Each structure stands twice: as C-alpha cells, then as structure tokens.
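Q:
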Amino acid sequence: VVIKFTVVNTTVNVNGGLVCNGTAGNPVVFTSIADDSIAGDSGKDGVTVVAPNFWNGVTFPTPALPCALTHARVRGAGRNGIGGLDIQNGNVTLDQCIVDTCQVEGLDLNGVSGGTLSVTNCQFNSNNNAVDNVPLSRVPSFTNCTATGNTLNDTIRTTSNTVSANMSITTANLMSGVIILAQSVTV
Numbered sequence: 116v117v118i119k120f121t122v123v124n125t126t127v128n129v130n131g132g133l134v135c136n137g138t139a140g141n142p143v144v145f146t147s148i149a150d151d152s153i154a155g156d157s158g159k160d161g162v163t164v165v166a167p168n169f170w171n172g173v174t175f176p177t178p179a180l181p182c183a184l185t186h187a188r189v190r191g192a193g194r195n196g197i198g199g200l201d202i203q204n205g206n207v208t209l210d211q212c213i214v215d216t217c218q219v220e221g222l223d224l225n226g227v228s229g230g231t232l233s234v235t236n237c238q239f240n241s242n243n244n245a246v247d248n249v250p251l252s253r254v255p256s257f258t259n260c261t262a263t264g265n266t267l268n269d270t271i272r273t274t275s276n277t278v279s280a281n282m283s284i285t286t287a288n289l290m291s292g293v294i295i296l297a298q299s300v301t302v
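Just remember that our numbering sits 115 ahead of the position in the sequence shown, which is counted from 1.
1) Taking the straight line between their C-alpha atoms, what separation do you get for A183 and T277?
2) If G172 sits next to I197, beta carbons under 8 Å apart, how far is it from one beta carbon to the other, in whole angstroms?
3) Buried or exposed: which applies to K159, given that a residue is buried once 16 or more other Cβ atoms fall within 10 Å of its Cβ?
4) Tell me the DSSP bridge mates of F175?
5) Rounded to whole angstroms, what's the CA-CA distance from C212 to N124? Just pull it up for me.
6) Let me check you understand the geometry: is the CB of N243 closer than 8 Å to at least one non-hydrogen atom of the ligand PLP?
7) Could you please give me the residues that DSSP links to L296 through a beta bridge?
8) Round the Cβ separation of A192 and C135 to the nearest angstrom and send it over; I've been treating them as touching at under 8 Å.
9) So what's N141 in DSSP terms, helix, strand or just coil?
10) Where does L133 land, buried or exposed, given buried means 16+ other C-beta within 10 angstroms?
11) For the candidate residues V144, L180, N240 and T301, whose alpha-carbon lies nearest to that of I271?
12) Kindly give me the distance between the Cβ atoms of N242 and D210, rounded to whole angstroms, as I take these residues to be in contact under 8 Å.
13) What are the partner residues of I213, as DSSP defines its beta bridges?
14) Could you pull the DSSP bridge partners for P250 from this structure?
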C-alpha cells in the first residue's frame, strides 16, 4: 500500500487506531506525490523527487486503540514542526519501520509518558534529528534501531529525565552508542 499526499500541510491524525502490516518486500508507505521513487510518477508531472517538509506526518495525539506499524515507511514529512512519526499518547508499536527525509525529527515522542511504546529494528535516516523528545524512562523501549545521515544527530535525544523506578539501558537500546541528555537527570 502506498499513500501519497497531494496537498501540503496534510496530517494523518490517529485518534482511533492504526494497524499497518507491510512486509519487507512490500512495505506500507506514506509519502508525497513528488516521490517518484515509490510507485512511479503518480502525479504525471515528470521526474520529481521526495523532499522534506511537504506534508506534516503521522501523529498519534490520543489513539483510543492500540496502534502497530510493521514494515511501514514515512518519507518527506516534517512540515509545521511535526515529526515524521509524532507520538503524543497511546499504545504504539513500531517494528521494522523506516522514517527518512523529514524536515524535523524522524520520530518525536513529545515527552510522552502515558501508554506503552515499543520501537524495534527501525531506521531513522536523513532527517533533521533521528529521535527527539524522549523521556529517559522510555529509552529501554527502543531495541536494535539505527540512525544515519541525520543533520543534527544520529541518536536518541531525551528531554524529560526523571527516573522514578529501576531502569536498565543496554547498547541494544541505543543508536550510535549515545544518548543525548538535553536536561539534567533526576533519579
């Protein structure tokens, strides 16, 4: 399944639930009409390429149901400061997803503390930031993810650093072996 957005400022707001079950050879793709590298020249406007900042992104403001994206790809998003995937709340699982060519973050957690989160085997490439606004307590939710070619960092950047329970972070939870702490840590 390929979903191409033809209008700038378009957002997929997930308030109910979203399940995308792609495969390695046939991922579910969210991109702009200018992205001729996915499913050809859908806009019939000659050769065009994806660029950051065309559409907003896929947001999870208050999903009522669990959400799961498996083998999904998000490209060319990041308009209006919205991450390619922008999770604000809810129970969200990302597995083997690729987020690339976004104007801001590939994944923005907005300091979310409610619900459950699992991010496994995902790639964040050629965005401004790889992963941003992650509460330190959510870092163990990431497993075997990678980040390359992002403008500012190829890591997880934390912005809410209060830990009130036992927590273990291993190298499998990190990208590039680093966590960026944007604030002081309180344990």
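Where a beta carbon is used, it is the ideal one built from N, C-alpha and C, also for glycine.
All values reported here derive from a predicted model rather than from experimental measurement.
A: The relevant details are as follows:
1) In the sequence shown, the residue the question calls residue 183 occupies position 68. In the sequence shown, the residue the question calls residue 277 occupies position 162. The alpha-carbon atoms of A183 and T277 are separated by roughly 27 Å.
2) Taking the sequence shown and counting its residues from 1, one reaches residue 172 at position 57. Taking the sequence shown and counting its residues from 1, one reaches residue 197 at position 82. Contact annotation, G172 with I197: C-beta distance approximately 4 Å; criterion of less than 8 Å satisfied.
3) Translated into the one-based positions of the sequence shown, residue 159 becomes position 44. Classification for K159: exposed.
4) Taking the first residue of the sequence shown as 1, we reach residue 175 at position 60. Paired residues: I202.
5) Indexing the sequence shown from 1 puts residue 212 at position 97. Indexing the sequence shown from 1 puts residue 124 at position 9. Cα to Cα, the separation comes out at about 22 Å.
6) For the ligand PLP, the structure offers nothing, since it holds no ligand at all.
7) Stepping through the sequence shown from its first residue, residue 296 is reached at position 181. In DSSP, L296 forms a bridge with T273.
8) Position 77 of the sequence shown, counted from the first residue, corresponds to residue 192. Position 20 of the sequence shown, counted from the first residue, corresponds to residue 135. A192 to C135, Cβ: 15 Å. No contact.
9) On the sequence shown, position 26 is the one that residue 141 refers to. Residue state, collapsed to three classes: coil.
10) What you label residue 133 is simply residue 18 of the sequence shown in a count that begins at 1. Buried, since its Cβ has 16 or more Cβ neighbours within 10 Å.
11) Residue numbering aside, residue 271 sits at position 156 when the sequence shown is read from its first letter. Distance check between I271 and each of V144, L180, N240 and T301 places N240 closest, using alpha-carbon atoms only.
12) Translated into the one-based positions of the sequence shown, residue 242 becomes position 127. Translated into the one-based positions of the sequence shown, residue 210 becomes position 95. Wrong, their Cβ atoms sit about 19 Å apart, outside the cutoff.
13) Here residue 213 corresponds to residue number 98 of the sequence shown, with the count starting at 1. Bridge partners of I213 according to DSSP: R188 and Q238.
14) Working through the sequence shown from its first residue, we reach residue 250 at position 135. DSSP output for P250 lists S275 as bridge partner(s).
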